[in-house]
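Colleague: Structure provided below as structure tokens; questions to follow.
Numbering (my numbering), first residue to last: 699 to 1051.
See below:
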């Protein structure tokens, strides 16, 4: 009886061994599946970081285009500042030469908990803090280089999944995913051609549209839509509005309707001439001083002591007294042709490096 009981107890050992083998096999299957899951998770994380870097680089090019066409004077944080003396374009490009020579500055932006913050210092690369911590999110940095011909700028934007590596001056921090995009930005000049005289009037045989395109290189509607063109709608006297615009650094203005300029009024400088295009007629009264170009469908003046250095252009009649001091200024026209206008991205110039 005892021998039979012992044999019955020994039967469970085989079942236990088989069960342990099955559990071991299941564990191996789970480990293999978990390894694949971890691998896919790592690949997804890398893909996400690469996408963040790619989008940050693309955002850098768009940000550069927007600020190059902005007329606002900016501080070291790239935001408009009433105490600043330079626009983004003036800070990063040498505007004293026609070739638009870029300066060796490296603005940068970082995306943190409160959105984007940027640095546009005038003497050192932009630094937005340490490469570690909760604020070290997606970032991009810009580099400038001269383009293949005058008036063309090469812009390189390096995007990073976090604020480190190539995006941060001096590097530091863990290595981020990076993407580098390049594009060529060409200056669409404010004035494409030069007027033939200080006072230029369209002849009766010339078409109005072709007359405008010959001077500006664009149709009237396309010229007005440029990012750098400021639009005004003055009901009576535009002098105050134009003076305010000039004080803000605005140089290209489109005025709806007729334009009355009453002195005393000073607009533009030899270094920053103004170009004002109106839909209607232009009248000058009193002491008006202008460095730049006025364009309208008619011109008249009764302006003792008025001084215009640049050109007056009319699609229609032009008449006034002899007191106007008007002179064709080649330097003013050259500035409008080579340093004033809107930057546009050249089609086909985008590169992903």
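All residues carry an ideal CB built from backbone N, CA and C; glycine is no exception.
This structure is a prediction, so every number in the text was calculated from the model and none was measured.
Rounded to a whole number of angstroms, what is the C-alpha to C-alpha distance between residue 814 and residue 806?
Modeller: So the alpha carbons of these two residues sit roughly 10 Å apart.
Colleague: Starting from residue 887, trace the beta strand (DSSP E) in both directions and tell me its first and last residue.
Modeller: Taken as a continuous stretch (DSSP letters only), the beta strand (DSSP E) holding residue 887 covers 876 to 887.
Colleague: So residue 973 and residue 888 are supposed to be a Cβ contact under 8 Å. How far apart are they, rounded?
Modeller: At roughly 5 Å, the Cβ-Cβ gap stays under 8 Å, so residue 973 and residue 888 are in contact.
Colleague: In chain order, what residues of the same chain lie with their CB nearer than 8 Å to the CB of residue 930, ignoring the 5 residues before and after it?
Modeller: For residue 930, where only same-chain residues beyond five positions count, the Cβ hits under 8 Å are 936, 939, 940, 943, 951, 952, 953 and 954.
Colleague: For residue 1030, does the three-state DSSP call read helix, strand or coil?
Modeller: Three-state result, residue 1030: helix.
Colleague: Please confirm whether residue 862 and residue 754 have their CB atoms less than 7 Å apart.
Modeller: No, the pair does not count as a contact, with Cβ atoms beyond the cut-off.
Colleague: Whose C-beta lies closer than 6 Å to the C-beta of residue 957 among residues of the same chain, with five residues either side of it excluded?
Modeller: So the list reads 936, 976 and 980, once near-sequence residues are dropped.
Colleague: I'd like to check one pair, residue 817 with residue 803: are the Cβ atoms closer than 7 Å?
Modeller: Result no, Cβ atoms of residue 803 and residue 817 do not sit closer than 7 Å.
Colleague: What do you get for residue 1014, buried or exposed, if any count of 16 or more other CB atoms within 10 angstroms of its CB means buried?
Modeller: Label assigned to residue 1014: exposed.
Colleague: When DSSP labels each residue in this structure, what does residue 715 get in the three-state scheme?
Modeller: Helix at residue 715.
Colleague: Report the option in 793, 787 and 918 whose CA atom is closest to the CA atom of residue 993.
Modeller: It is 918 whose Cα lies nearest to the Cα of residue 993.
Colleague: Would the beta-carbon of residue 947 fall within 7 Å of that of residue 769?
Modeller: For residue 947 and residue 769, yes; Cβs fall inside 7 Å.
Colleague: Relative to the C-alpha of residue 745, which residue among 875, 883 and 959 is closest?
Modeller: Minimum Cα distance to residue 745 is reached at 875.
Colleague: Report the start-end ranges of each beta strand (DSSP E) in the stretch 919 to 968 that is 3 residues or longer and not cut off at the edges.
Modeller: Those beta strand (DSSP E) runs which fall completely within the stretch 919 to 968 and span 3+ residues are 928 to 930, 950 to 953, 957 to 960 and 963 to 965.
Colleague: For the stretch 1002 to 1014 against the stretch 1029 to 1036, do three or more pairs of beta-carbon atoms, one drawn from each stretch, fall closer than 8 Å, so that the two count as touching?
Modeller: With the cut-off at 8 Å, the stretch 1002 to 1014 and the stretch 1029 to 1036 touch.
Colleague: Check whether the Cβ atoms of residue 986 and residue 1001 sit closer than 7 Å, and answer yes or no.
Modeller: Yes.
Colleague: At the level of alpha carbons, what is the spacing between residue 895 and residue 1012?
Modeller: Rounded to the nearest angstrom, the two C-alpha atoms are 12 Å apart.
Colleague: Judging by CA-CA distance, which residue of 921, 916 and 959 is the nearest neighbour of residue 932?
Modeller: The option with the nearest alpha carbon to residue 932 is 959.
Colleague: Helix, strand or coil for residue 1021 per DSSP?
Modeller: In the structure shown, residue 1021 sits in coil (DSSP, three-state: anything other than H, G, I, E or B).
Colleague: Here's the rule: buried if 16 or more other CB atoms are within 10 angstroms of the residue's CB, otherwise exposed. What is residue 721?
Modeller: Exposed, by the Cβ-count rule.
Colleague: Using the DSSP secondary-structure output, state which residues sit across from residue 814 in a beta bridge.
Modeller: According to DSSP, which records beta bridges pairwise, residue 814 is partnered with 809.
Colleague: Could you tell me the distance, in whole angstroms, from the CA atom of residue 704 to the CA atom of residue 719?
Modeller: Residue placement at residue 704 is flagged as unreliable, the pLDDT there being 49, under the threshold of 50; the coordinate-derived value follows with that caveat. C-alpha separation (whole angstroms): 25 Å.
Colleague: Please return the same chain residues whose Cβ sits closer than 7 Å to the Cβ of residue 777, not counting the five positions on each side in sequence.
Modeller: Excluding sequence neighbours, residue 777 sits near nothing in its chain.
Colleague: Can you tell me the Cα-Cα spacing of residue 801 and residue 998, whole angstroms?
Modeller: Taking the straight line from one Cα to the other gives about 43 Å.
Colleague: Excluding the 5 residues flanking residue 1072 on each side, which residues of the same chain have their C-beta closer than 6 Å to its C-beta?
Modeller: This structure leaves residue 1072 out entirely; the chain is present only between 699 and 1051.
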